[in-house]
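Top line first, the protein sequences correspond to chains D and R.
Using full-length UniProt numbering, you'd call the opening residue of the first sequence number 1 and step up by one each time.
Using full-length UniProt numbering, you'd call the opening residue of the second sequence number 1 and step up by one each time.
Cβ coordinates follow ideal geometry from the N, Cα and C atoms, glycine included.
If you're wondering where the values come from, they're calculated on a predicted model, not measured in any experiment.
Notes follow the structure.
Number of protein chains: 2
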Amino acid sequence: MVTQQDPDQTLPPARPSRRERARAATIDEIKETALRLMHEHGNTDLRFSDIAREMGMTAPALYRYFADRDELLTALIVDAYDDLGTTVAEAREELPVDDLPGRFLAVAAAYRSWAKREPQQFALIFGIPVPGYVAPEEGPTTEAAKRAMGQLKALFSDASERGLLGKPLIDDVDDALAACAQVEHPATVPHGPPLPPETFQACLQCWSSLHGFVILETYGHFDFLPEDARDELFHATVRQAAVTSGFPWPHR
Amino acid sequence: MVTQQDPDQTLPPARPSRRERARAATIDEIKETALRLMHEHGNTDLRFSDIAREMGMTAPALYRYFADRDELLTALIVDAYDDLGTTVAEAREELPVDDLPGRFLAVAAAYRSWAKREPQQFALIFGIPVPGYVAPEEGPTTEAAKRAMGQLKALFSDASERGLLGKPLIDDVDDALAACAQVEHPATVPHGPPLPPETFQACLQCWSSLHGFVILETYGHFDFLPEDARDELFHATVRQAAVTSGFPWPHR
DNA sequence: CACTTGAGTTATGCTTCATAACTATTCGCC
DNA sequence: GGCGAATAGTTATGAAGCATAACTCAAGTG
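Right, here's the structure in full:
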């Protein structure tokens with residue numbers, strides 16, 4: 001992450017002091033280096049010594065910035081959620097707001113291609129909690145998770161607002177789940193009323209379905225299919241997710 | 001656990017010698033201890049010293065049985081696939097062969113409950129390829145994966161044989177995928193003709209959908225839902241998977 | 001200028017993976 | 001029974017990583 005050096009010293013100090021900026025830059029560099037090493041090695045290992053060497057430092061110096069391995073890991077996980085959420089949101093907003101099928105596909109495709117592009121970050125979020133790492137209850141990670149997941153929900157909110165939302169194929173909803181539809185994810189999407197319960201359920205099923213495909217593909221369980229077959233399977237999955245959940249979809 | 005055939009013995013039905021039995025028992029005990037420790041600690045860590053201490057041995061002794069950590073890990077992964085496959089198969093065969101919806105639900109429920117019961121083994125299979133471990137191409141793991149996945153395919157074969165298979169909701173199939181339907185997974189299920197391509201696709205989508213739910217739930221991404229809501233969501237997912245794939249399902 | 005702050009270093013301890021070298025028990029065989 | 005080989009264990013040792021402590025040094029501040 002590039003930080004600007006401010007040549008102008010005469011101005012009264014802005015919020016981030018010079019030291020704070022340097023510190024933030026170092027933190028960024030540590031995280032970037034960690035990600036790059038994970039990319040290069042193709043796993044989610046994290047060795048302070050490697051990171052430090054790569055940065056021309058010694059390992060103990062990193063403890064000035066992260067209390068221990070878990071803290072760095074947590075930061076990377078939060079960043080990953082953030083990155084995923086941003087990527088998906090940008091894809092969503094690239095298409096006109098009234099092209100709901102296009103946006104649905106764009107969201108799904110962005111989710112998938114992000115996972116393919118950043119398998120390590122994807123693994124940090126959705127793989128097993130990395131050995132030795134336990135997700136803090138109600139920590140920053142769950143917060144970020146909701147934000148990313150909210151992108152999908154936003155689509156349904158939009159469709160609902162426009163009255164374009166059909167009835168999901170499976171529309172009998174459990175009471176407990178119906179209750180959740182009213183209270184959960186309140187702040188994830190600024191606009192839109194709470195979803196009807198059966199749509200909330202359909203939304204979760206969309207996520208399941210999409211996520212199932214993506215994680216199976218990312219971890220190689222679809223390797224027996226050639227790439228174009230996987231692409232087609234993905235599009236079929238997206239179509240089916242939309243159609244079965246009552247999401248508007250063009251007559252094919 | 002499969003015991004190695006001894007090529008030195010003259011008879012093909014080589015009975016395992018006393019030593020071989022002791023060795024096999026030790027190998028089993030190592031794997032069981034490893035699993036138990038993973039269970040107790042709630043992660044997929046693997047420390048030779050811990051395992052050895054638990055068994056009243058010293059760490060280096062374990063190297064008599066496994067060349068290194070990865071080899072033990074691989075063995076555990078293979079066992080996990082095996083266990084999953086067996087568990088699902090048993091659930092399937094517990095119901096009469098003509099109760100196809102029942103069997104479908106049983107397979108799905110077994111998959112889910114196994115993941116809940118053995119989250120560590122589940123993680124070994126479907127989590128990130130464990131740090132430092134790379135799945136050997138076409139190794140024993142992919143083989144075992146196909147066997148487990150084959151249980152689902154068997155259901156569709158049964159239904160197809162009886163002419164009970166409807167048309168999947170999404171039934172336009174890519175050529176490449178259609179080709180796979182003919183050739184892939186040939187030996188996974190002894191009985192049954194190759195599936196029609198659109199059903200093969202639907203079968204994969206069922207797996208995606210089911211797996212997506214299970215992995216999200218297992219890794220805590222559905223923790224915001226109360227347990228009964230998750231149960232209902234699961235059943236809705238199963239219903240939808242069956243109905244959209246043309247699998248016979250009782251009029252609800 | 002002396003003083004504080006914090007980023008970095010070297011030095012050190014602990015733990016784990018892994019190997020080497022040694023001991024002792026079990027098994028096969030005469 | 002007793003000998004020799006194979007194998008299950010041991011202790012000893014080294015390399016590497018996580019983590020902390022103690023020290024150095026430079027930049028910013030009264």
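{"Query": "Helix, strand or coil at R/P250 [DSSP, three-state]", "Result": "coil"}
{"Query": "Rounded straight-line distance, which links the Cα of R/F224 to that of D/H221", "Result": "28 Å"}
{"Query": "Contacts of D/V243 in chain R (Cβ-Cβ under 8 Å)", "Result": "L169, I170"}
{"Query": "Chain-ordered neighbours of R/C180 on chain D, where CB pairs are closer than 8 Å", "Result": "F224, L225, P226, A229"}
{"Query": "CB contact check: D/G212 to chain R, cutoff 8 Å", "Result": "yes"}
{"Query": "Chain-ordered neighbours of D/T237 on chain R, where CB pairs are closer than 9 Å", "Result": "I170, L204, Q205, S208, S209"}
{"Query": "Of the residues R/L164, R/L169, R/D171, R/T199, the one placed nearest R/A181, counting alpha carbons only", "Result": "R/T199"}
{"Query": "Sub-8 Å separation of R/D158 and R/V97 beta-carbons", "Result": "yes"}
{"Query": "Given 8 Å, three or more beta-carbon pairs between the region 78-90 of chain D and the region 111-122 of chain D", "Result": "yes"}
{"Query": "Assigned secondary structure, R/T188 (DSSP; H/G/I helix, E/B strand, else coil)", "Result": "Any reading at R/T188 is ruled out, since the residue's pLDDT is 48, under 50, leaving its predicted position unreliable."}
{"Query": "Closest residue to R/A202 among R/M149, R/G246, R/E161 (Cα-Cα distance)", "Result": "R/G246"}
{"Query": "Proximity test, Cβ basis, 8 Å: D/D174 and chain R", "Result": "yes"}
{"Query": "Length of the line joining the Cα atoms of D/V173 and D/D83", "Result": "33 Å"}
{"Query": "Exposure label - R/G150; buried when at least 16 CB within 10 Å", "Result": "buried"}
{"Query": "Under 8 Å between C-beta atoms of R/E20 and R/L37", "Result": "no"}
{"Query": "Neighbour list for D/Y111 in chain R, Cβ cutoff strictly below 9 Å", "Result": "Per Cβ cutoff of 9 Å: no residues; D/Y111 is ~12 Å from chain R at best."}
{"Query": "Cβ-based burial, D/R103 [other Cβ within 10 Å; buried from 16]", "Result": "buried"}
{"Query": "Exposure label - R/P119; buried when at least 16 CB within 10 Å", "Result": "buried"}
{"Query": "Nearest-angstrom Cβ-Cβ length linking R/A210 and R/A178, presumed shorter than 8 Å", "Result": "Looking at the sequence shown, residue 210 of chain R is not Ala but Leu. That pair is no contact at about 23 Å."}
{"Query": "Interface flag, R/G166 vs chain D, CB-CB below 8 Å", "Result": "no"}
{"Query": "Check whether R/L155 and R/L100 have beta carbons under 8 Å apart", "Result": "yes"}
{"Query": "Partners in chain D for R/I51, counting only beta-carbon separations shorter than 9 Å", "Result": "Those do not exist, as R/I51 stays about 15 Å from chain D at its closest Cβ, beyond 9 Å."}
{"Query": "Whether D/L35 touches D/L72 by CB criterion (8 Å)", "Result": "no"}
{"Query": "Three-state class that DSSP yields for D/F66 in the structure shown", "Result": "coil"}
{"Query": "Neighbourhood of D/W207 by C-beta, 8 Å cutoff - its chain only, sequence neighbours within 5 removed", "Result": "M149, L152"}
{"Query": "Beta-carbon contacts of R/T33 that lie in its chain and below 7 Å, excluding the five residues immediately before and after", "Result": "I51, E54, M55"}
{"Query": "Status (buried if at least 16 other CB within 10 Å, exposed otherwise) for R/P196", "Result": "buried"}
{"Query": "Cα-Cα separation between D/L165 and D/P250, rounded to whole angstroms", "Result": "13 Å"}
{"Query": "Buried versus exposed, by CB contacts within 10 Å (16 or more), D/T3", "Result": "Here D/T3 scores only 41 on pLDDT, less than 50, and its place in the model should not be relied on; the value that follows carries that caveat. Per the 10 Å Cβ criterion, exposed."}
{"Query": "Residues of the region 15-33 of chain R whose Cβ lies closer than 7 Å to any Cβ of chain D, in chain order", "Result": "none"}
{"Query": "8 Å Cβ cutoff met for D/A108 and D/E94", "Result": "no"}
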